[in-house]
Structure formats: structure tokens, C-alpha cells
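Each remark here refers to the structure printed beneath this line.
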Amino acid sequence: MAERAGGADAAIAASERPFVGMALMALGAGLLTLMDGIGKLLLRDLPLIEVTWARYAFNLLALWLLVRLRQRTIVASRRLSLQIARGLAMVLATGSMFLSLSLLPMAETYAVGFASPLIVALLAGPLLGERVDSWRWAAALGGFFGVLVVLRPGSEMFSLAALAPLVMALCFALYQLATRVLGRFDPALTTMFHSAWIGTAVLLPLLPAVWQIPDGRQILLMALMGVLGLSSHLAMIRAFALAPASLVSPMIYTQMAWAVAFGWLVFGDWPDLWTLVGAGLVAASGLLLLRSSSPSENR
């Protein structure tokens, strides 16, 4: 019995590759940021609903091609109603993200959006029955203070445009909570499939009112958005399979670096000192939250 246990431990240790997992998470974060940046580019000439629909439609096409190659069935869900609710939350999160990107620089959008894990920590208590201890409250308050530093009430940043990333953070938090529950019932590809078709179907009836015929370059960028969205999620899924969550999850904050780089190189936007300080406070609060949530892995 002891030999079996030892062999199992050895197998788990062999399967864990922490540096590869961390690198994959950083790569996934970069691909996701690149997808958002392409969306910001498209929004210069195309309507918000059309760009958001294209993100889901081409993601659905890319996922369908992947499934065909792997010859797998991913349609059936054991919690279809929750899948639909999650998909709707993701559509709202994506739409408000793209709206924010059309109004604000990328760095400011991401700095406020990073409040999402803190909202998850607070809502996990009433919605999932998880215990919200003093550390979580402290992390949440610190993170929201960081958001206020970025938005600076009374400044130009504190306007109706600032509501878009806040709505995105809330909707993305609800999406994450639903994802946490669905992970007990459905495979990751099944959940990704339902998100893609729900986003495509919900926005389709709205397209005729705003549709503009995209040119060849715009169609290629739309297709690239779909591929990047799928690739980023696959990289993140693989990252969690290769390394503990306590090592992998903090790498999501590399999105801020990606956003600053992309915003500067493509759009000529450089965040001011207050944005960087606020983003640092939000990221530090998220790391504190992660550390307090997984004590067994940190020991």
C-alpha cells in the first residue's frame, strides 16, 4: 500500500512542471490581451455589437474545428441552465470590456477590471456558501481602494466611461463563480462551447440594425480574435494541469504588462503614475487574497 502511495506521489510530481505552467498562464494572459487589443482596433471602424458577435462566432468556429480534429463530443451539459446564465454573464462582460476599450486606454481598463477576483471573493460567501474571512475583506477593501486611485473621483477618468470596466468586473466575477460550480459537472471544452454558441446566438438578432460589411483585413482580424480567445483558454487550462493554482494564478496579473505594452506600441497610450500605483494596489490585493485562500499550498 505504501509503495502504491509513493508511486502515485511520484507520478503526480512528475506530471507537475511549475515553470511550464507559469509560462503557459502568462502566455494565455498575453493572448487574451492581444485579442482585446484587436477588438479595440476593430472598434475604430465597426459597431460594438458586431465586434462582440464576431469574437464569439469565430471562437465557436475555431472550437468546432478543434473538436472535429479530436473527434470529441462536447455538446451535452449536466447543468444547461447554469451554462446559459454563465454565457449571458460572459456576453455582458465582453461587451462592457470592448465598450471600455473604445472609451479608455487599455491599461486603465485592465487596472479597474482586476477588481473582478476581489468581487468573486466577496460574492463566494452568499452565493456559494464559502467562508469570507477577515483576510478576504482586507484584500477586497485594498483592491477597491486601488480602483479609486485609478479612477480618481473628480478627475476626467471618473466619468460614465469608467462605469464600463466596473460593469465588466462585476459580470466577469459572476461568470467566474458559475465556472467554479460548472467545473464539478462539465469538462472545460463543454463549458467553452456553450459560452461560444450563447454569445453568438444572443447577439445575432441585434446584428441587422448595426451591421457594416467588414473588409478583408477586418475579417482576418475577427478570425484572429476567435483563434486567440480559444488558444488563451486552452493555455490556461493546461497551465492549471501542470502546476498548483498558487503558482499559476498570480501570472494572470502579467496582463497589465501586456496591456501597457500593447497600448503604447499600437495606440500610443502610456499610463500615468496614478494608474500604475492603483493597478499595483489591485494586483497586490489579489495576491493577498490568493495567499489567504490556499494556505495548504503555500506551506
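Its first residue numbered 314, the sequence shown is counted upward by one per residue in the working numbering. Think of the CB as a built atom: it goes at the ideal place given N, C-alpha and C, for glycine as much as any other residue. Just so we're clear, the structure is a prediction, and the values are computed from it rather than from any experiment.
- The segment 422-436 makes no contact with the segment 354-370; the number of CB pairs closer than 8 Å stays below 3.
- Take Pro331, set aside five residues on each side of it, and the residues of its chain with a beta-carbon closer than 7 Å to its own are Ala556 and Leu560, in chain order.
- Taken through DSSP and simplified to helix, strand or coil, Leu417 comes out as coil.
- Within the same chain, Leu495, Phe498 and Asp499 come within 7 Å of Arg392 by CB-CB distance, once the 5 residues on both sides are set aside.
- Where Trp510 is concerned, the enclosing alpha helix (DSSP H) starts and stops at Ala501 to Leu516.
- In its chain, beyond the 5 residues on either side, Met564 and Thr567 have a beta carbon closer than 7 Å to the beta carbon of Ala339.
- Rounded to the nearest whole angstrom, the C-alpha separation of Gln525 and Leu586 is 39 Å.
- Between Leu594 and Gly455 the beta-carbon gap is near 6 Å, inside 8 Å, which marks them as a contact.
- Nearest neighbour of Ala574 by Cα position, chosen from Val515, Thr346 and Gly352, turns out to be Thr346.
- Judged by their CB atoms, Met549 and Phe485 are not nearer to each other than the 9 Å cut-off.
- For Leu373 against Thr492, the beta-carbon gap comes to about 18 Å, at or over 8 Å, which does not count as contact.
- Residue environment: Leu533 is assigned as exposed (fewer than 16 neighbouring CB atoms within 10 Å of its CB, all protein chains considered).
- Here Leu543 is actually not in contact with Ile351; their C-beta atoms are around 14 Å apart, not less than 8 Å.
- Put simply, of Met505, Thr407 and Thr386 the residue whose alpha carbon is nearest the alpha carbon of Lys353 is Thr407.
- For Ser429, the closest of Ala336, Leu490, Pro527 and Trp571 by C-alpha to C-alpha distance is Leu490.
- Here the alpha carbon of Ser562 sits roughly 26 Å from the alpha carbon of Leu379.
- In terms of Cα proximity to Gly334, the closest of Asp582, Leu602, Ala552 and Met348 is Ala552.
- Phe457 and Leu431 do touch by the CB rule: their CB atoms are close to 7 Å apart, below 8 Å.
- Here Ala572 really is in contact with Met419; their C-beta atoms are around 4 Å apart, less than 8 Å.
- Taken in chain order, the whole alpha helix (DSSP H) runs of length 4 or more contained in the segment 544-577 are 558-561.
- For Glu421, the closest alpha carbon among the candidates Ala389, Leu464 and Leu395 is that of Leu464.
- Separation of the CB atoms of Met535 and Leu355 is rounded to 7 Å, and the pair is thereby assigned contact status at 8 Å.
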